[in-house]
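Undergrad: Once you've had a glance at the structure underneath, I'll fire off some questions.
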Amino acid sequence: SEEQPPADSATIVQGPSLLASTGVHRPSPSLFHLPGLRSLPFWTAPGSSSSQQQQRHRIAFNDPTVTSAVQHVESNYDAIRSEYFSAVLGQGNETNPHNGNVTKPLEPDYDVSSKGGEHAEDALHSGTWDWHSYILNGAKNEKFRERCPKTAQVVDDLEKERMLFGTPFGFCFFSTLHDKSSIKAHSGPMNLRLRMHLPLLVPKKKDSSSSTTTNNTRPTTGIRVADQTREWHEGSSIILDDSYVHEVWNDSEESRVLFLLDLWHPDVRMEEREKITNMFNYARGKGWIGASK
């Protein structure tokens with residue numbers, strides 16, 4: 155008999171007409187929308203998180219789950235940054251070919267120019283954008299764990315607390331946007347996740363008189379989500395809802411490096427998470443999304 159989809163699968167329906175281009179920014183996921191979730195372009199206040207006052211009012215809605223995730227990742231900033239320098243840049247590694255100890259840096263592992271998967275319609279970037287992934291389309295990379303054990307453990311801790319977005323659309327990687335590169339405006343596939351950026355390397359600001367940016371109204375390196383623009387500060391996380399239209403640019407002459415990971419939106423209940431995960435795993439197994447295992 156024909157295989158049946160899992161119970162409580164999403165249903166595609168012929169819906170009412172949708173208003174677009176009203177001038178108001180709203181979530182616009184390209185694949186899947188769960189109604190009733192709290193929604194903001196950014197879930198973290200602008201600026202760095204250096205002062206106690208900023209920490210106290212930093213996370214939207216004072217959400218305890220998001221706050222816990224941010225605090226856990228940021229408390230391991232030094233270890234994560236150190237492992238990036240070692241595993242990706244090769245700093246501090248033994249490279250003596252005479253005794254056979256040659257440790258090669260991790261290679262980029264995602265073709266950002268390809269269609270399909272996370273970016274279903276077209277390549278998004280111009281310039282050079284490298285991914286070094288621990289989690290790619292929901293699957294863990296053991297080579298990353300070997301080279302970045304502390305970073306992997308931080309992520310595994312979030313998974314144990316059921317915060318990590320565990321679907322074929324879950325990602326966790328070092329995101330390196332090289333100089334003179336950009337990622338064009340797009341929407342994420344769903345509103346089920348929140349995306350965390352932990353900045354590891356941020357190009358130094360230039361004097362406005364010497365800036366080479368082509369748009370003087372925006373910072374040389376930054377991110378826009380909906381109608382809000384932010385800059386990154388090393389060690390201070392940004393939480394964003396990528397179901398809003400967003401874009402990223404690095405007009406500097408240096409690389410910008412983030413540790414990026416996906417969290418469950420805190421309003422998605424545990425029983426919903428299980429059913430959603432089963433639904434997406436079934437779709438991947440049928441070859442409808444991502445790569446079939």
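Numbered per the numbering used here, the sequence shown spans residues 155 to 447.
Glycine included, C-beta positions come from ideal geometry on N, C-alpha and C.
Using 8 angstroms as the threshold, is the C-beta distance between residue 337 and residue 402 below it?
TA: Position 183 of the sequence shown, counted from the first residue, corresponds to residue 337. Position 248 of the sequence shown, counted from the first residue, corresponds to residue 402. In contact: residue 337 and residue 402 (Cβ atoms closer than 8 angstroms).
Undergrad: Identify which residue in 325, 334, 202 has its Cα closest to the Cα of residue 409.
TA: Within the sequence shown, residue 409 is the residue found at index 255, counting from 1. When only C-alpha atoms are compared, the closest one is 334.
Undergrad: Buried or exposed: where does residue 232 fall if 16 or more other Cβ atoms within 10 Å of its Cβ makes it buried?
TA: Taking the sequence shown and counting its residues from 1, one reaches residue 232 at position 78. Under this definition residue 232 is an exposed residue.
Undergrad: Is the beta carbon of residue 228 closer than 8 angstroms to that of residue 312?
TA: Counting from one through the sequence shown, the residue named residue 312 turns up at place 158. Counting from one through the sequence shown, the residue named residue 228 turns up at place 74. Taking 8 angstroms as the Cβ cut-off, residue 312 and residue 228 do not qualify as a contacting pair.
Undergrad: Could you check if residue 321 is buried or exposed, using at least 16 other CB atoms within 10 Å of its CB as the buried criterion?
TA: If you number the sequence shown from 1, residue 321 lands on position 167. It is buried - the Cβ of residue 321 has at least 16 other Cβ atoms within 10 Å.
Undergrad: Any chance the CB of residue 286 is under 7 angstroms from a heavy atom of the ligand NAP?
TA: The ligand NAP is not part of this structure, which contains no ligands at all.
Undergrad: Between 278, 280, 266, 279, which lies nearest to residue 286 when the distance is taken from Cα to Cα?
TA: As a first step, residue 286 is located in the sequence shown; it is residue number 132 there, counting from the start. Ranking 278, 280, 266, 279 by Cα distance to residue 286 puts 266 first.
Undergrad: Taking its Cβ as the centre, do 16 or more other Cβ atoms sit within 10 Å of residue 339, making it buried, or is it exposed?
TA: Along the sequence shown, one-based indexing puts residue 339 at 185. The residue in question, residue 339, is exposed, as its Cβ has fewer than 16 Cβ neighbours within 10 Å.
Undergrad: DSSP state of residue 312, grouped into three classes?
TA: By one-based count along the sequence shown, residue 312 stands at place 158. Reduced to three states, the DSSP call for residue 312 is helix.
Undergrad: By the 10 Å Cβ neighbour count, where 16 or more other Cβ atoms means buried, how is residue 189 classified, buried or exposed?
TA: The sequence position of residue 189 within the sequence shown is 35, counting from 1. The residue in question, residue 189, is exposed, as its Cβ has fewer than 16 Cβ neighbours within 10 Å.
Undergrad: If you drop the 5 nearest sequence neighbours on each side, which residues of the same chain put their C-beta closer than 6 angstroms to that of residue 389?
TA: As a working note, residue 389 is residue 235 in the sequence shown. Correct list, in chain order: 231.
Undergrad: Using DSSP with H/G/I as helix, E/B as strand and the rest coil, what is residue 393?
TA: Sequence index remark: in the sequence shown, residue 393 carries index 239 (1-based). In the structure shown, residue 393 sits in a strand (DSSP, three-state: E or B).
Undergrad: Kindly indicate the opening and closing residues of the beta strand (DSSP E) around residue 376.
TA: Looking up residue 376 in the sequence shown gives position 222. Looking at the DSSP string, the run of the beta strand (DSSP E) that includes residue 376 is 375-379.
Undergrad: Just the Cα atoms here: how many angstroms apart are residue 289 and residue 360?
TA: Taking the sequence shown and counting its residues from 1, the one referred to as residue 289 is at position 135. Taking the sequence shown and counting its residues from 1, the one referred to as residue 360 is at position 206. So the alpha carbons of these two residues sit roughly 34 angstroms apart.
Undergrad: Could you spell out where the beta strand (DSSP E) holding residue 401 opens and where it closes?
TA: What you label residue 401 is simply residue 247 of the sequence shown in a count that begins at 1. Residue 401 -> beta strand (DSSP E) spans 400-404.
Undergrad: With a 10 Å radius around its C-beta and 16 neighbouring C-beta atoms as the bar for buried, classify residue 428 as buried or exposed.
TA: Counting from one through the sequence shown, the residue named residue 428 turns up at place 274. By the neighbour-count rule (16 or more Cβ atoms within 10 Å), residue 428 is not buried but exposed.
Undergrad: Can you tell me where the alpha helix (DSSP H) with residue 232 in it begins and where it stops?
TA: Residue 232 sits at position 78 when you count from the first residue of the sequence shown. Run containing residue 232: 231-241, per the alpha helix (DSSP H) assignment.
Undergrad: Given this structure, state the Cα-to-Cα distance separating residue 257 from residue 186, to the nearest angstrom.
TA: Locating residue 257 in the sequence shown gives position 103, counting from the first residue. Locating residue 186 in the sequence shown gives position 32, counting from the first residue. So the alpha carbons of these two residues sit roughly 42 angstroms apart.
Undergrad: Have a look at the DSSP bridge pairing and note the partners of residue 211.
TA: Counted from its first residue, the sequence shown places residue 211 at position 57. DSSP, once it has assigned bridges, lists no residue as partnering residue 211.
Undergrad: Just the Cα atoms here: how many angstroms apart are residue 191 and residue 374?
TA: If you number the sequence shown from 1, residue 191 lands on position 37. If you number the sequence shown from 1, residue 374 lands on position 220. Cα-Cα distance, rounded: 33 angstroms.
Undergrad: Just to confirm the assignment, what range does the alpha helix (DSSP H) spanning residue 218 have?
TA: Residue mapping note: residue 218 aligns to position 64 of the sequence shown, counting from 1. Its alpha helix (DSSP H) spans residues 218-228.
Undergrad: Consider the Cβ of residue 314: report whether some Cβ of chain D lies at a distance smaller than 8 angstroms.
TA: Looking at the structure shown, chain D is missing, and only one protein chain is on hand.
Undergrad: Taking residue 379 as the reference, which of 371, 394, 244, 386 has the closest Cα?
TA: Sequence index remark: in the sequence shown, residue 379 carries index 225 (1-based). Of the candidates 371, 394, 244, 386, the one whose C-alpha sits nearest the C-alpha of residue 379 is 394.
Undergrad: Terminal residues of the continuous alpha helix (DSSP H) containing residue 131?
TA: Residue 131 is absent from the structure shown; the chain starts at 155 and stops at 447.
Undergrad: Let me check understanding here. Comparing Cα to Cα, which of 332, 181, 246, 237 lies closest to residue 280?
TA: Stepping through the sequence shown from its first residue, residue 280 is reached at position 126. Among 332, 181, 246, 237, the Cα nearest to that of residue 280 belongs to 332.
Undergrad: Going by Cα to Cα distance, which pick from 238, 184, 407, 432 is closest to residue 299?
TA: The residue you call residue 299 lines up with position 145 of the sequence shown. Looking at the Cα atoms, 238 is the closest of the given residues.
Undergrad: Can you give the beta carbon distance from residue 125 to residue 396, rounded, assuming they're within the 8 angstroms contact cut?
TA: Nothing about residue 125 can be read from this structure; the chain reaches only from 155 to 447.
Undergrad: Using the Cα positions of residue 261 and residue 242, report the straight-line distance between them to the nearest angstrom.
TA: Position 107 of the sequence shown holds residue 261. Position 88 of the sequence shown holds residue 242. Rounded to whole angstroms, residue 261 to residue 242 spans 7 angstroms at the Cα level.
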